[in-house]
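Visitor:
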Amino acid sequence: MKKVAILFAVLLIVGSNAYGQAKSLKQVLTLRIDRPGGANAASVAWHPVQKKYYAAQAGNEVYPMEVFDATGKMLSDDKLETMFDVRGFWYNPNTKTLQANGYDVAGWVDYKLNGKGIPISVTKMDIEPGKPDAQSVAAYDSKKNVVYYFDYANVGVERHNMKDGVADTTIALHLGAKTKSDMSDDQNDKKANYNENALIYTGVAGAEIGLLNTAEKQIELYNIATGFMTKALKLPEDAPVPTSLNFSYCNGIYWLNDRTERVWHGYKAN
Numbered sequence: 204m205k206k207v208a209i210l211f212a213v214l215l216i217v218g219s220n221a222y223g224q225a226k227s228l229k230q231v232l233t234l235r236i237d238r239p240g241g242a243n244a245a246s247v248a249w250h251p252v253q254k255k256y257y258a259a260q261a262g263n264e265v266y267p268m269e270v271f272d273a274t275g276k277m278l279s280d281d282k283l284e285t286m287f288d289v290r291g292f293w294y295n296p297n298t299k300t301l302q303a304n305g306y307d308v309a310g311w312v313d314y315k316l317n318g319k320g321i322p323i324s325v326t327k328m329d330i331e332p333g334k335p336d337a338q339s340v341a342a343y344d345s346k347k348n349v350v351y352y353f354d355y356a357n358v359g360v361e362r363h364n365m366k367d368g369v370a371d372t373t374i375a376l377h378l379g380a381k382t383k384s385d386m387s388d389d390q391n392d393k394k395a396n397y398n399e400n401a402l403i404y405t406g407v408a409g410a411e412i413g414l415l416n417t418a419e420k421q422i423e424l425y426n427i428a429t430g431f432m433t434k435a436l437k438l439p440e441d442a443p444v445p446t447s448l449n450f451s452y453c454n455g456i457y458w459l460n461d462r463t464e465r466v467w468h469g470y471k472a473n
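Per our numbering: the sequence shown ends with 473, consecutive numbering throughout.
1) Report the rounded CA-to-CA distance for G379 versus D281, giving the unit in angstroms.
2) Could you name the residues of the same chain whose beta carbon sits closer than 8 Å to that of H287, not counting the 5 residues immediately before and after it, in chain order?
3) Look up S393 in the DSSP assignment and say whether it is helix, strand or coil.
4) What runs of the beta strand (DSSP E), each 3 residues or longer, lie entirely inside the stretch 348 to 403?
5) Under the rule that 16 or more other beta-carbon atoms within 10 Å means buried, what is S339, buried or exposed?
6) Given that a residue counts as buried once 16 or more other Cβ atoms are within 10 Å of its Cβ, and exposed if not, what is V401?
7) With distance defined between alpha-carbon atoms, name the residue in L415, N398, N426, T372 nearest to G406.
8) Please report the distance separating the alpha-carbon of Y256 from that of L283.
9) If I measure Cβ to Cβ from Q421 and keep anything under 7 Å in the same chain, skipping five residues before and after, which residues do I get?
10) In the DSSP assignment, find the beta strand (DSSP E) that holds M432 and state where it starts and stops.
11) Specify the secondary structure class of Q230 as computed by DSSP and reduced to three states.
12) For T170, name the three-state secondary structure that DSSP assigns.
13) Do you know whose CA, among H377, K381, I403, lies nearest D392's CA?
14) Among G368, Q253, E464, L228, which has the Cα closest to the Cα of K319?
15) Counting along the chain, where does the beta strand (DSSP E) carrying Y306 start and finish?
16) Is K282 helix, strand or coil by DSSP?
17) Which one or two residues does DSSP pair with K344 in a beta bridge?
18) So T429 packs on A410, CB below 8 Å; how close in whole Å?
19) Sort N364, Y343, L278, L448 by Cα distance to Y355 and report the nearest one.
20) Would N243 count as contacting chain B if we go by Cβ distances under 8 Å?
21) Mind checking whether Y351 and Y404 have CB atoms under 8 Å apart?
22) Hey, how far is the Cα of V444 from the Cα of A418?
23) Keeping to the same chain, check which residues put their C-beta closer than 8 Å to that of G413; ignore five residues upstream and five downstream.
24) What's the gap between the Cα of V239 and the Cα of Y266?
25) So, with DSSP's three-state summary, where would you put S451?
26) With a threshold of 16 other CB atoms inside 10 Å of the CB of V360, please say whether the residue is buried or exposed.
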């Protein structure tokens, strides 16, 4: 009888986690931008070969970019610039380069690094990508070689292939809904509680897409096939919850930028 009770309790726990029971996140790393320039941060990228983090400010090609080692120690000097008006930022293992998407119709670029892993130039990709909004932040899926954008206006995910930048799929999201019975018609009201132009791609099956819920102070993970929320990750009380940009993911870490302190805070699940 005891074994049955224990098994039932385990199934309840597993089931609750599968349907969005909030887990807590804790801070594990910080990346500080020590120079002025740019009111908003764009994204953080992790280079798995260089073992370095790259943090870019949004808004102008002369705004700061900083390079850090795996512990958060700054490696770049005070002259390094983004060289491009960055929004999304990622490492592409297929091309073995750092890449970024830019503001409005700026397009996408590849970064060239020197022998120390410091960016020295950018090359614009020969494609004409579209996106839902001028500020949209791209998140890269290396297995499918596509990028995802949060279509805030229509509450969904726009998928663009990397060959020509064209949108080939749109996935509807059911904000905060774990099952069909949770669905409601107030998506346009609900979306006001979310970061409006940044999503993340985790690569975790069944929890691929992440949104920042600024009202609930949590990161919500969604199944890309169904559009339903499968996990909720509760942020610490002192975590920043930006309503625009300043939200990123790489190397298994969820990143939120404090615009006032100019610090990226990195979080992982407890």
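C-beta atoms are modelled at their ideal positions from N, C-alpha and C, and glycine is treated no differently.
Guide: Walking through what the data contain:
1) Counted from its first residue, the sequence shown places residue 379 at position 176. Counted from its first residue, the sequence shown places residue 281 at position 78. C-alpha separation (whole angstroms): 42 Å.
2) As a first step, residue 287 must be located in the sequence shown, where it is residue number 84. Inspection of the sequence shows that residue 287 is occupied by Phe rather than by His. Cβ neighbours of F287 beyond the five flanking positions: E264, A303, G305, A309, V312, V325.
3) Taking the first residue of the sequence shown as 1, we reach residue 393 at position 190. One point to set straight first is that residue 393 is Lys, not Ser, in the sequence displayed. In the structure shown, K393 sits in a helix (DSSP, three-state: H, G or I).
4) 349 to 354, 359 to 364, 370 to 375
5) Mapped onto the sequence shown, residue 339 falls at position 136. Result: buried.
6) For the purposes of this step, residue 401 is identified with residue 198 of the sequence shown, where counting begins at 1. Rather than Val, the amino acid found at residue 401 in this sequence is Ala. When all chains shown are included, A401 counts as buried.
7) The residue given as residue 406 occupies position 203 in the sequence shown. Looking at the Cα atoms, N426 is the closest of the given residues.
8) Residue numbering aside, residue 256 sits at position 53 when the sequence shown is read from its first letter. Residue numbering aside, residue 283 sits at position 80 when the sequence shown is read from its first letter. Distance between the alpha carbons of Y256 and L283 is about 14 Å.
9) To locate residue 421, count along the sequence shown from 1; it is residue 218. Cβ neighbours of Q421 beyond the five flanking positions: A225, A435, L436, K437, L438.
10) Against the sequence shown, residue 432 aligns to sequence position 229. Residues 432 to 437.
11) Residue 230 sits at position 27 when you count from the first residue of the sequence shown. DSSP places Q230 in strand when its eight states are reduced to three.
12) Residue 170 cannot be examined here, being either before or after the span of the chain that is shown, 204 to 473.
13) Indexing the sequence shown from 1 puts residue 392 at position 189. Checked all of H377, K381, I403; the closest Cα to D392 is H377.
14) Stepping through the sequence shown from its first residue, residue 319 is reached at position 116. For K319, the nearest C-alpha among the options comes from Q253.
15) Position 103 of the sequence shown, counted from the first residue, corresponds to residue 306. Run containing Y306: none; DSSP gives neither H nor E here.
16) The residue given as residue 282 occupies position 79 in the sequence shown. Three-state DSSP puts K282 in coil, outside helix and strand.
17) Taking the first residue of the sequence shown as 1, we reach residue 344 at position 141. The question names Lys, yet the displayed sequence has Asp at residue 344. V349.
18) Position 226 of the sequence shown holds residue 429. Position 207 of the sequence shown holds residue 410. With a Cβ gap of about 11 Å, T429 and A410 do not count as contacting.
19) Counting from 1 along the sequence shown, the entry for residue 355 is found at position 152. Taking only the C-alpha atoms, the option nearest Y355 is L448.
20) The structure shown contains no chain B; it holds only a single protein chain.
21) Position 148 of the sequence shown, counted from the start, is the residue given in the question as residue 351. Position 201 of the sequence shown, counted from the start, is the residue given in the question as residue 404. Yes.
22) In the sequence shown, the residue the question calls residue 444 occupies position 241. In the sequence shown, the residue the question calls residue 418 occupies position 215. Taking the straight line joining both Cα atoms gives about 8 Å.
23) Here the question's residue 413 lines up with position 210 in the sequence shown. Excluding residues within five positions, the ones whose Cβ falls inside 8 Å are L402, I403, Y404, T405, I422, E423, L424, Y425, Y452, Y457.
24) As a working mapping, residue 239 is identified with position 36 in the sequence shown. As a working mapping, residue 266 is identified with position 63 in the sequence shown. One point to set straight first is that residue 239 is Pro, not Val, in the sequence displayed. So the two alpha carbons sit approximately 8 Å from each other.
25) Counting from one through the sequence shown, the residue named residue 451 turns up at place 248. Three-state DSSP puts S451 in a strand.
26) Reading the sequence shown from its first residue, position 157 is the one you call residue 360. Buried.
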